[in-house]
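Structure record follows, encoded as structure tokens.
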Amino acid sequence: MAEPMEISFSSGSLNLQSIRSRMNDLSEIHNSNKNDVGTEALSSDSEKLLKDCSFHFQSKVKQIIEEYSDVGFLGIEDLDKYLAYLKEELNQVEAESAKISNEIEDLSRNHIEESNMPEDNLEGLECALDSIASQEREEEDPCFDSSMNGENQLNLLDANEGQKFEILELESQIEKNNLILKSLQDLDSTFRR
Numbered sequence: 668m669a670e671p672m673e674i675s676f677s678s679g680s681l682n683l684q685s686i687r688s689r690m691n692d693l694s695e696i697h698n699s700n701k702n703d704v705g706t707e708a709l710s711s712d713s714e715k716l717l718k719d720c721s722f723h724f725q726s727k728v729k730q731i732i733e734e735y736s737d738v739g740f741l742g743i744e745d746l747d748k749y750l751a752y753l754k755e756e757l758n759q760v761e762a763e764s765a766k767i768s769n770e771i772e773d774l775s776r777n778h779i780e781e782s783n784m785p786e787d788n789l790e791g792l793e794c795a796l797d798s799i800a801s802q803e804r805e806e807e808d809p810c811f812d813s814s815m816n817g818e819n820q821l822n823l824l825d826a827n828e829g830q831k832f833e834i835l836e837l838e839s840q841i842e843k844n845n846l847i848l849k850s851l852q853d854l855d856s857t858f859r860r
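If you're matching positions, the sequence shown starts at 668 in my numbering and goes up one per residue.
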């Protein structure tokens, strides 16, 4: 297991380099554990499942042989009953097999989702650290123009241009409405005279 993480504080802010270093360590540990534990666990679980299934199958075969060892002496009616019984057993085994298969698929899917969670959390933490580092650089140097700020500024400019166009359209509509209003007022005053 990894040793507990220590976060050092320097002049009121987190030491981003130590956090990044710890994040890289966690990523490496996660990747190595995912590769090692995943294959070992899957192979040991698969072997255990295979042994359990083969033992169950052998015990069922022995039970059937013991119960119906005198099949040769059965009449046609008894053979039909025996065949119906075997079909019922086969259906039960197939249903159980399908159920186990579905459980294995669910467990595999859950395992994959859970193994991806630490990766997603590390990516989120990395984005947060990048944001914090960017904010600290901006506070230290207000003239700093990071790529994130450039992208944000471009997005704001695009939004502003769209809003300016909308404002121009609205101003044009207001002017038209004012002209219509003035002409209606002129007509009203003409009719009142």
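Even glycine gets a Cβ: it sits at the ideal position worked out from N, Cα and C. If you're wondering where the values come from, they're calculated on a predicted model, not measured in any experiment.
1. Can you give the Cα-Cα distance for residue 777 and residue 771, rounded to whole angstroms?
2. Run through DSSP, which three-state label would residue 791 get?
3. Just the C-alpha distance for residue 852 and residue 836, rounded to the nearest angstrom, thanks.
4. In angstroms with no decimal places, state the Cα-to-Cα distance between residue 847 and residue 831.
5. Taking buried to mean at least 16 other C-beta atoms within 10 Å of its own C-beta, is residue 686 buried or exposed?
6. Does the beta-carbon distance from residue 732 to residue 756 come in below 9 Å?
Taking the geometry as given:
1. 10 Å
2. For residue 791, the secondary structure class from DSSP, reduced to helix, strand or coil, is helix.
3. Going from the Cα of residue 852 to the Cα of residue 836 covers about 24 Å.
4. 24 Å
5. Answer is buried; the Cβ neighbour count reaches 16.
6. no
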